[in-house]
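What follows is a short report on a single structure.
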Amino acid sequence: MSAHYGFPRGRTAIVGAATFGIGRCPGVSAIDMAAKATLLALADAGIALSEVDALYTSAPYEALGGMELAEYLGVTPKVTDCNRTGGSAFEVYVQQAALALEVGLIDCALIAYGSNPASNPPPGVGMTRQSPWEAPYRPLAPISSYALAASRHMHLYGTTREQLAEVAVAARQWAQLNPEAAVREALTVEDVLNARMVSDPLTVRDCCLFNDGAAAVVMVRADRAKDCAKAPVHVLGAAHAVTHREISSMPDLTVTGAAISGPQAFAQAGVGPGDIDVVMLYDAFTITPILFFEDLGFCPKGEGGRFISGGHIAPGGGLALNTNGGGLSCVHPGMYGLFLLVEAVRQLRGEAGERQVRDAQLALAHGNGGVLSSEATVILSRA
Amino acid sequence: MIQRSRSTGGHVFYPRVAHPGTGADDLEWVEASGKGTVHAVTVVRKKDPADSYNVVLVDLAEGPRLMSRVDAIAVDEVKIGMAVRARIIDEGHKPLLVFVPA
Numbered sequence: 023m024s025a026h027y028g029f030p031r032g033r034t035a036i037v038g039a040a041t042f043g044i045g046r047c048p049g050v051s052a053i054d055m056a057a058k059a060t061l062l063a064l065a066d067a068g069i070a071l072s073e074v075d076a077l078y079t080s081a082p083y084e085a086l087g088g089m090e091l092a093e094y095l096g097v098t099p100k101v102t103d104c105n106r107t108g109g110s111a112f113e114v115y116v117q118q119a120a121l122a123l124e125v126g127l128i129d130c131a132l133i134a135y136g137s138n139p140a141s142n143p144p145p146g147v148g149m150t151r152q153s154p155w156e157a158p159y160r161p162l163a164p165i166s167s168y169a170l171a172a173s174r175h176m177h178l179y180g181t182t183r184e185q186l187a188e189v190a191v192a193a194r195q196w197a198q199l200n201p202e203a204a205v206r207e208a209l210t211v212e213d214v215l216n217a218r219m220v221s222d223p224l225t226v227r228d229c230c231l232f233n234d235g236a237a238a239v240v241m242v243r244a245d246r247a248k249d250c251a252k253a254p255v256h257v258l259g260a261a262h263a264v265t266h267r268e269i270s271s272m273p274d275l276t277v278t279g280a281a282i283s284g285p286q287a288f289a290q291a292g293v294g295p296g297d298i299d300v301v302m303l304y305d306a307f308t309i310t311p312i313l314f315f316e317d318l319g320f321c322p323k324g325e326g327g328r329f330i331s332g333g334h335i336a337p338g339g340g341l342a343l344n345t346n347g348g349g350l351s352c353v354h355p356g357m358y359g360l361f362l363l364v365e366a367v368r369q370l371r372g373e374a375g376e377r378q379v380r381d382a383q384l385a386l387a388h389g390n391g392g393v394l395s396s397e398a399t400v401i402l403s404r405a
Numbered sequence: 546m547i548q549r550s551r552s553t554g555g556h557v558f559y560p561r562v563a564h565p566g567t568g569a570d571d572l573e574w575v576e577a578s579g580k581g582t583v584h585a586v587t588v589v590r591k592k593d594p595a596d597s598y599n600v601v602l603v604d605l606a607e608g609p610r611l612m613s614r615v616d617a618i619a620v621d622e623v624k625i626g627m628a629v630r631a632r633i634i635d636e637g638h639k640p641l642l643v644f645v646p647a
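These protein sequences, in sequence, are chains A and B. Sequential numbering of the first sequence, starting at 23, is according to the working numbering. Sequential numbering of the second sequence, starting at 546, is according to the working numbering.
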C-alpha cells in the first residue's frame with residue numbers, strides 16, 4: 023500500500039461512466055433511473071453487474087436508499103453507503119471507494135444516482151428540516167443562503183451582478199455544444215440581469231435548473247482497469263471538508279471548505295491548479311464557481327469575479343469550466359455531484375464531441391453540498 | 546440572554562450543551578447587549594413588492610452570528626455594516642428576535 027497525503031494516488035480508476043434521462047424522464051421512478059444509468063456505466067466499462075461488490079448512492083427521497091438499490095439490482099455489496107453530504111456526496115464516494123479498493127476490502131465500486139423531481143414530484147415532506155434558528159425569517163431554501171454569501175462577496179471584493187451573470191452565460195454557451203444539455207436557448211448577460219429577482223442578488227437565471235437526470239460511474243483498482251472496455255481515468259486525489267450546516271454558522275461567508283479539500287487533493291495528486299485542463303465546479307448558483315475558483319487556488323481570494331469575466335470560462339476562453347453546461351444549463355435533479363464526474367471522464371476520454379477540450383489530460387471535479395457546507399474535490403487523470 | 550462559557554469566555558449562539566470547538570461544558574446564561582452589525586443581506590422578492598422582505602445575518606457585539614430580519618426600514622435600505630439593535634416582537638403569537646437600525 024502506498025498513500026500520498028492520505029490517498030492512494032493513481033491506484034484506482036473510473037472505468038465506466040454514464041448518464042440517463044437528462045431533462046425530463048417521466049413514467050419511471052427515481053430508482054429505475056439509477057438502475058438504467060448503472061447498466062449503461064457497467065456496459066461502458068465491460069463489467070458484469072455480478073462483479074459489483076460496493077454500492078454508493080444517495081437516493082433522493084429514501085433515507086435507506088442504499089439498501090433499496092442493492093435489493094433492486096440484486097447485488098450483495100460488502101460496502102453500502104448512502105451518505106448525506108448533499109450534492110458533494112458523489113465526490114466523497116470516489117474518496118471512500120478508492121480507499122476501500124486500495125486495501126482490498128472491495129473489488130468493484132458502483133456509484134449511482136437517479137432523480138426525477140420535475141416529472142415525478144417528490145412527496146411534500148423532505149428528508150431535511152429547516153433550522154429552527156433560521157425558519158422564522160423565511161429564507162428561501164437554499165437560494166437565500168447562497169444570496170447572503172454572494173452579498174458578502176460583492177461587499178468585500180466588488181464582485182458584480184454582471185460577473186455573476188457571466189457564469190450563467192458561459193454555462194449556456196457550453197450547453198449549446200452539448201446535445202444532452204436540457205436548456206440550450208441563447209442567453210445574454212442582459213437576460214440574466216433582467217430576469218425575475220428571487221433573492222437579491224440572485225435572479226432566476228443565477229439559479230441552477232430543477233429537472234430530471236441519472237448518472238453512474240464504476241471504479242476498480244488500476245490493475246483491473248487495464249482489462250476494461252475503455253481507457254481508464256485514474257483517480258489522483260480526493261479530499262473532503264465540512265464546515266457547517268446552516269449559512270448562519272458558516273465560519274466565513276466568502277471562504278468555503280474547498281480551501282481545505284482543494285489543497286489536500288492537489289497535494290495528493292502532485293499537481294496544481296495551472297495543470298488542470300477541464301474544471302467541473304458545482305454551479306448550484308452563479309456565485310459558487312467564483313468562490314470555488316478562489317478557494318481551490320485558481321485565483322487569489324476576492325478575484326473570482328474578475329477571473330471568470332471576459333469569456334475566460336466560456337467555449338474558446340482560457341479555461342474550460344463546466345463543459346456539459348453545468349447545473350445551470352444541463353442538469354440538476356436535486357443533487358448534481360455525480361454529473362460533474364461523468365463529464366470529467368468524457369472529456370479525459372475524448373468523448374465530448376463539439377465541446378471537447380483539446381488534449382485534455384487532467385480534470386478537477388468539485389462537489390458542493392448543503393449551503394456551501396460540504397466541499398469535496400476529486401482530481402482525475404487520463405494517463 | 547445568551548450563553549457564555551465560563552472557562553473560555555466565548556459566547557455561543559444558538560444554545561447548546563457545550564462551547565463549539567472546545568467542548569467546554571461550563572455554559573452560563575448572561576445578559577446580551579442587543580448590539581449588532583449587519584454582516585450580509587438578501588431581499589426575498591414576492592410578486593407584490595409590498596410582500597418582499599429582508600433576511601440578514603447579524604454579527605452580535607458578543608461575537609456570534611445569527612440569522613434575523615431588520616424591521617423599521619424599507620427592505621431595500623438594509624446595508625452591510627449597518628449598526629442595529631435587537632428587539633423582541635410578537636409574530637404569529639410567538640416571540641421573535643429581530644433588529645432595528647441603531
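Cβ atoms here follow ideal geometry from the backbone N, Cα and C, with glycine treated the same way. Quick caveat, the model's predicted, so the values are computed rather than measured.
In terms of alpha-carbon separation, which member of V575/B, I547/B, V620/B, V603/B lies closest to A595/B? V620/B
Does the separation of the CB atoms of G32/A and A244/A fall below 8 angstroms? yes
Other residues of its chain near A261/A: CB distance less than 6 angstroms, five sequence neighbours each side excluded: S283, Q286, A287, T399
At least one CB of chain B closer than 8 angstroms to the CB of D222/A: is that the case? yes
Considering only residues of the same chain and omitting the five flanking positions on each side of S351/A, which have a CB-CB separation below 6 angstroms? A193, R194, A197, A203, V205
I need the DSSP call for T182/A, collapsed to helix, strand or coil. coil
Using a Cβ cut-off of 7 angstroms, pull out every chain B residue sitting near H177/A, in sequence order please. I625
Residue from L199/A, A163/A, S221/A with nearest C-alpha to R183/A: S221/A
Taking DSSP's pairing of strands, which residues face K58/A in a bridge? Per DSSP, none; premise fails for K58/A.
Contact between the region 144 to 159 of chain A and the region 299 to 314 of chain A (3+ Cβ pairs under 8 angstroms): no
Could you tell me the distance, in whole angstroms, from the CA atom of A76/A to the CA atom of L132/A? 6 angstroms
Count the other C-beta atoms from every protein chain shown that fall within 10 angstroms of the C-beta of G326/A, then say buried if there are 16 or more, exposed otherwise. buried
For A569/B and L231/A, the rounded distance between their alpha carbons: 43 angstroms
Neighbourhood of R368/A by C-beta, 6 angstroms cutoff - its chain only, sequence neighbours within 5 removed: A374
Chain A contact residues for T587/B, given Cβ-Cβ distances below 7 angstroms: S166, A169, L170, S173, S221, D222
Hey, does V557/B have any beta-carbon neighbour from chain A nearer than 8 angstroms? no
Give the single residue among R328/A, P273/A, A52/A, Y27/A whose Cα lies nearest to the Cα of S137/A. A52/A
At a CB distance below 8 angstroms, what residues from the region 371 to 401 of chain A approach chain B? Give them in sequence order. none
Along the chain, where does the alpha helix (DSSP H) that runs through Q290/A open and close? 280 to 291
Taking only three categories from DSSP, how would you classify S110/A? helix
Could one say the Cβ of S550/B lies closer than 8 angstroms to chain A's Cβ atoms, at least one of them? no
With 8 angstroms as the threshold, decide whether the Cβ of V575/B is near any Cβ in chain A. no
Counting only beta-carbon separations shorter than 8 angstroms, does W196/A have a partner in chain B? no
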